[in-house]
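2 protein chains.
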Amino acid sequence: MKKKLTIKGIAEMAGVSSATVSKVLNNTGRYSEETKQTILDLVKEHDYRPNAVAKSLRTRKSKTIGAIVPDITNEFFSRIVLAIENYCGELGYSVFICNSNESEEKELQYFKELELKGVDGLIYLSASDELFQMKTQRIPIVCIDRMPKFHNVAIITSDNFQGGMLAAERLIEKGCKNLLLVRDYRDGFPTIERVRGFEHVLRKHGLEFGEERTIKVEVGITQAKSAVDHYLQTYHKENALKFDGIFATTDWLAFGAKQALEGYGVNIPEQVKIIGYDNISLAQYTSLSSINQDKESLGKLAAERLIQMIEQETDVPSQMLTLPVELVERDSTR
Amino acid sequence: MKKKLTIKGIAEMAGVSSATVSKVLNNTGRYSEETKQTILDLVKEHDYRPNAVAKSLRTRKSKTIGAIVPDITNEFFSRIVLAIENYCGELGYSVFICNSNESEEKELQYFKELELKGVDGLIYLSASDELFQMKTQRIPIVCIDRMPKFHNVAIITSDNFQGGMLAAERLIEKGCKNLLLVRDYRDGFPTIERVRGFEHVLRKHGLEFGEERTIKVEVGITQAKSAVDHYLQTYHKENALKFDGIFATTDWLAFGAKQALEGYGVNIPEQVKIIGYDNISLAQYTSLSSINQDKESLGKLAAERLIQMIEQETDVPSQMLTLPVELVERDSTR
DNA sequence: GTGAAAGCGCTAACAG
DNA sequence: CTGTTAGCGCTTTCAC
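Just so you know, the sequences run in chain order H and F. Read left to right, the first sequence gives residues 1 to 334 (this note's numbering). Read left to right, the second sequence gives residues 1001 to 1334 (this note's numbering).
Structural data, given as structure tokens:
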């Protein structure tokens, strides 16, 4: 087991000091073209690569960021994460991915852990609105789809209000008169906006509805089944088809609703039309119309913004960027 | 912006040297109960936490591992990754997640990058069999579902041969006479085993089939559609239903096959029965029978094994652990 | 029981 | 243009 090659080793071989090697490796300071070549050759020959930990300790930069995600198992999130990782990878950043499972406690714990491990920045994804109040927040943060109450974070979100509007408009356009809203039981910021947009259009058309037209169900892959059950129950109680259109704030929810309806022999889209949200492949492959969020851009923009903040070292004012959404029509509303 | 608190700061406050503080923080060396208390109180009061980078540089341990994954967007992988992360989190390890996109080049690149960032170990997940030959492999590695050709790595895999057998047995048991195999176009280790198991049972029952009964299609979420198309084409050419049972080496493939059949008005399971592989939620929600792999155990065991290897610092011989699989029956074979 | 000192591998002044 | 020096924050002998 030969000894690990360090910058000093290269320096000795090249007959210069480690400082000089450091300079050519970082394109900083000055050095002659000649020594540069000698060093570069040596580096290549021995496949020397500088120890990132030492560098990190010295420079207080780790080329590492953290991403805190509610559930990587959910395609909506994993696609955002993938986009983040791809963009970061190109720029030499690595990313720690942490599953918070929506728990604030875990988020905080991860935050501390990541800070210690020296991440240069953090991306928070979450449907939840609440966000810890870090007094000593020294690293840049960008949030996706959440609206923290403190400053010095950038925010990337997609136009949830618009998404809700699009859904309502299409349903009404297709002749639906009695709409049903299937939503997450929690009131995360994105959900609230979607619902607001949806209701806004309903009102514009003189349609109104109260709680009894809104079903709040569990959300998440593991709970999708219970969503269906809950839905079935409610439907059963009503004992008659009281609606002809459904807007679900998630594709999984839409899928649950669809299965429940099919279980009762209801025809889609003839009797009931359905629109989901996120446009994950589940929607694509089960022919569910859905509001598409540009997951790739969401991730890429967040990473781009974060790295900007990291590398400029300048306190940018809290900014917000909103991406457009679009309706992807499939069989469930045709 | 107050100065960051270091071990020296605590030492000064406590009126001792940094060495002593280090000792109590790491339960190492000796110190009096009294100084221990003073220090611990100070630590708590100021919420001091030692800088992980410095510690890492000094000790050559980072409490960090890397996980190289083909595609985190694929639920099969993301669930394994989640299990890894959960287990590691409990033990204070963080994990870098890297998407290789099945590219060997990227794998190698990530490998080097991670090594530099000082990860203590690595987990490789992949359907691909080929694995780079690292001469200078200094950190422990565990592989999930791949069989590298060099030593000093632990291997966790699930019983793919058995999975193939289970599928064939059930299909035959249900009265299928002409089986079709839909498989990945690449010959990754897990696929090969599944096919071997499947064919083994066929032979036992005097059923034989050649290439014309085997469709090789693309795989992966983004290519699922093209799998369907490819399949449709082939089916179309045959111009008649030449089979009554399908075994697909992936749930996505099974789903593609199902959609193709439905597009042609073929009844499932009356005319054709289908069994997929992996048992991801897609299978669950589209009522596809599937061979279940215990994704949570796969991830947990891999992480457990890796951390053992890391902390024991002893060269364990190359080991292999095979997990059992089971058939989950749903409508597609009932 | 405790501290002084050395040093992990690298970079950033500052001299020369 | 290049080298010396002085750490980054922590752990670890080895003296006392």
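Beta carbons are placed, not taken as given, at the ideal position from N, Cα and C, and that holds for glycine.
**Study point:** Closest Cα partner of residue 1112 of chain F within the set H:19, H:288 and H:49
**Key:** As a position in the second sequence, residue 1112 of chain F is number 112, starting the count at 1. Comparing Cα positions, the closest option is H:49.
Check your understanding: Leaving out five residues before and five after residue 126 of chain H in sequence, what residues of the same chain have Cβ atoms less than 6 Å from its Cβ?
Key -> The residue labelled residue 126 of chain H in the question sits at position 126 within the first sequence. Counting only Cβ-Cβ distances below 6 Å, and skipping sequence neighbours, we find 70 and 146.
Practice item. Name, please, each residue of chain H whose Cβ falls closer than 9 Å to the Cβ of residue 1334 of chain F. Key: Counting from one through the second sequence, the residue named residue 1334 of chain F turns up at place 334. Within 9 Å Cβ-Cβ: nothing; residue 1334 of chain F doesn't reach chain H, min ~16 Å.
Review point. Applying a beta-carbon distance threshold of less than 7 Å, which residues of chain H neighbour residue 1079 of chain F?
Key: Taking the first residue of the second sequence as position 1, residue 1079 of chain F is located at position 79. Correct list: 73.
Check your understanding: Can you give the Cα-Cα distance for residue 189 of chain H and residue 34 of chain H, rounded to whole angstroms?
Key -> Taking the first residue of the first sequence as position 1, residue 189 of chain H is located at position 189. Taking the first residue of the first sequence as position 1, residue 34 of chain H is located at position 34. Looking at the two C-alpha atoms, the distance is approximately 59 Å.
Practice item. Can you tell me which of H:120, H:101, H:109 and H:46 puts its alpha carbon nearest to the alpha carbon of residue 64 of chain H? Key: Sequence index remark: in the first sequence, residue 64 of chain H carries index 64 (1-based). Nearest C-alpha to residue 64 of chain H: H:120.
Point to revise | Range covered by the alpha helix (DSSP H) that runs through residue 196 of chain H | key: Position 196 of the first sequence, counted from the first residue, corresponds to residue 196 of chain H. Start and end: 189-204.
Check your understanding: What residue does the beta strand (DSSP E) around residue 99 of chain H start on, and which one ends it?
Key -> If you number the first sequence from 1, residue 99 of chain H lands on position 99. From DSSP, the beta strand (DSSP E) with residue 99 of chain H extends over 94-99.
Check your understanding: Does the beta carbon of residue 51 of chain H come closer than 8 Å to any beta carbon on chain F?
Key -> Translated into positions along the first sequence, residue 51 of chain H becomes position 51. Yes, contact with chain F.
Review point. Of all the options F:1301, F:1272 and F:1138, which has the alpha carbon lying nearest to the alpha carbon of residue 1175 of chain F?
Key: Here residue 1175 of chain F refers to the residue found at position 175 of the second sequence. Cα-wise, what sits closest to residue 1175 of chain F is F:1272.
Exercise for review: State yes or no: is the beta carbon of residue 139 of chain H nearer than 8 Å to at least one beta carbon in chain F?
Suggested key: Position 139 of the first sequence, counted from the first residue, corresponds to residue 139 of chain H. With 8 Å as the cut-off, residue 139 of chain H does not count as an interface residue toward chain F.
Practice item. Select from the region 1104-1125 of chain F all residues with a C-beta closer than 9 Å to any C-beta belonging to chain H, and list them in chain order. Key: 1106, 1109, 1110, 1112, 1113, 1114, 1115, 1116, 1117 and 1118
Point to revise | chain H within 8 Å of residue 1064 of chain F, Cβ atoms only | key: Locating residue 1064 of chain F in the second sequence gives position 64, where the first residue counts as 1. Judged by the 8 Å Cβ criterion, residue 1064 of chain F is in contact with chain H.
Review point. So, does the CB of residue 1099 of chain F fall closer than 8 Å to a CB anywhere in chain H?
Key: Translated into positions along the second sequence, residue 1099 of chain F becomes position 99. Interface residue, yes.
Point to revise | Three-state secondary structure (DSSP) of residue 175 of chain H | key: Mapped onto the first sequence, residue 175 of chain H falls at position 175. Of the three classes helix, strand and coil, the one that applies to residue 175 of chain H here is coil, per DSSP.
Point to revise | CB-CB length for residue 203 of chain H against residue 191 of chain H, believed under 8 Å | key: One-based indexing of the first sequence puts residue 203 of chain H at position 203. One-based indexing of the first sequence puts residue 191 of chain H at position 191. Incorrect: roughly 18 Å between the Cβ atoms, too far for contact.
Check your understanding: Is the region 51-58 of chain H touching the region 1053-1067 of chain F in the sense that three or more CB pairs, one from each, lie closer than 8 Å?
Key -> yes
Review point. Quick one: what does DSSP say residue 267 of chain H is sitting in, helix, strand or coil?
Key: In the first sequence, residue 267 of chain H corresponds to position 267, counting from 1. Residue 267 of chain H: coil per DSSP, three-state reduction.
**Study point:** Cβ shell of residue 37 of chain H (< 6 Å), same chain only, five flanking positions each side left out
**Key:** The count along the first sequence starts at 1 and reaches residue 37 of chain H at position 37. Nothing listed; no residue qualifies.
Review point. Whose CA, out of F:1091, F:1167 and F:1030, lies closest to the CA of residue 1325 of chain F?
Key: What you label residue 1325 of chain F is simply residue 325 of the second sequence in a count that begins at 1. Comparing Cα positions, the closest option is F:1167.
Check your understanding: At which residues does the alpha helix (DSSP H) containing residue 86 of chain H begin and terminate?
Key -> Taking the first sequence and counting its residues from 1, one reaches residue 86 of chain H at position 86. Start and end: 75-90.
Practice item. Enumerate, from N- to C-terminal direction, the unbroken beta strand (DSSP E) stretches of 3 or more residues contained entirely within the region 1014-1085 of chain F. Key: 1064-1069
Review point. Can you find at least 3 beta carbon pairs, one from the region 68-85 of chain H and one from the region 97-108 of chain H, that sit closer than 8 Å?
Key: yes
**Study point:** First and last residue of the uninterrupted beta strand (DSSP E) at residue 1327 of chain F
**Key:** As a working mapping, residue 1327 of chain F is identified with position 327 in the second sequence. Unbroken beta strand (DSSP E) run through residue 1327 of chain F: 1326-1328.
**Study point:** Buried versus exposed call for residue 1319 of chain F [16 or more other C-beta atoms within 10 Å across all chains shown]
**Key:** Here residue 1319 of chain F refers to the residue found at position 319 of the second sequence. Residue 1319 of chain F should be labelled exposed.
Review point. Are the C-beta atoms of residue 257 of chain H and some chain F residue less than 8 Å apart?
Key: To locate residue 257 of chain H, count along the first sequence from 1; it is residue 257. Chain F, which has no Cβ nearer than 8 Å to the Cβ of residue 257 of chain H, makes this no.
Point to revise | Bridge partners - residue 158 of chain H, DSSP secondary structure assignment | key: As a first step, residue 158 of chain H must be located in the first sequence, where it is residue number 158. For residue 158 of chain H, which the question treats as bridged, DSSP gives the partners H:323.
Review point. Are there 16 or more other CB atoms within 10 angstroms of the CB of residue 91 of chain H, so buried, or fewer, so exposed?
Key: Counting from 1 along the first sequence, the entry for residue 91 of chain H is found at position 91. With fewer than 16 other Cβ atoms within 10 Å, it is exposed.
Check your understanding: Less than 8 Å separating the beta-carbons of residue 1285 of chain F and residue 209 of chain H?
Key -> Your numbering for residue 1285 of chain F matches position 285 in the second sequence. Your numbering for residue 209 of chain H matches position 209 in the first sequence. No, the Cβ-Cβ distance between residue 1285 of chain F and residue 209 of chain H is not below 8 Å.
Exercise for review: State yes or no: is the beta carbon of residue 95 of chain H nearer than 8 Å to at least one beta carbon in chain F?
Suggested key: Numbered from its first residue, the first sequence carries residue 95 of chain H at position 95. Yes, its Cβ sits closer than 8 Å to a Cβ of chain F.
Review point. From the DSSP output, which residues share a beta bridge with residue 1110 of chain F?
Key: Residue mapping note: residue 1110 of chain F aligns to position 110 of the second sequence, counting from 1. Answer is none; residue 1110 of chain F lacks a bridge partner.
**Study point:** Residue from F:1295, F:1116, F:1162 and F:1246 whose Cα sits closest to the Cα of residue 1200 of chain F
**Key:** By one-based count along the second sequence, residue 1200 of chain F stands at place 200. Comparing Cα-Cα distances from residue 1200 of chain F to each of F:1295, F:1116, F:1162 and F:1246, the minimum goes to F:1162.
**Study point:** Proximity of residue 306 of chain H and residue 158 of chain H at Cβ, strictly below 8 Å
**Key:** In the first sequence, residue 306 of chain H corresponds to position 306, counting from 1. In the first sequence, residue 158 of chain H corresponds to position 158, counting from 1. For residue 306 of chain H and residue 158 of chain H, no; Cβs fall outside 8 Å.
Practice item. Let me know the secondary structure DSSP gives residue 166 of chain H once reduced to three states. Key: Along the first sequence, read from residue 1 onward, the residue named residue 166 of chain H stands at position 166. In this structure, residue 166 of chain H counts as helix in the three-state DSSP scheme.
**Study point:** From F:1333, F:1331, F:1330 and F:1302, residue whose alpha carbon lies closest to that of residue 1087 of chain F
**Key:** Sequence index remark: in the second sequence, residue 1087 of chain F carries index 87 (1-based). Ranking the options by Cα distance to residue 1087 of chain F, first place goes to F:1302.
Review point. At a CB-CB cut-off below 9 Å, which residues of chain H make contact with residue 1085 of chain F?
Key: What you label residue 1085 of chain F is simply residue 85 of the second sequence in a count that begins at 1. Those within 9 Å of residue 1085 of chain F in chain H are 72, 97, 98 and 99.
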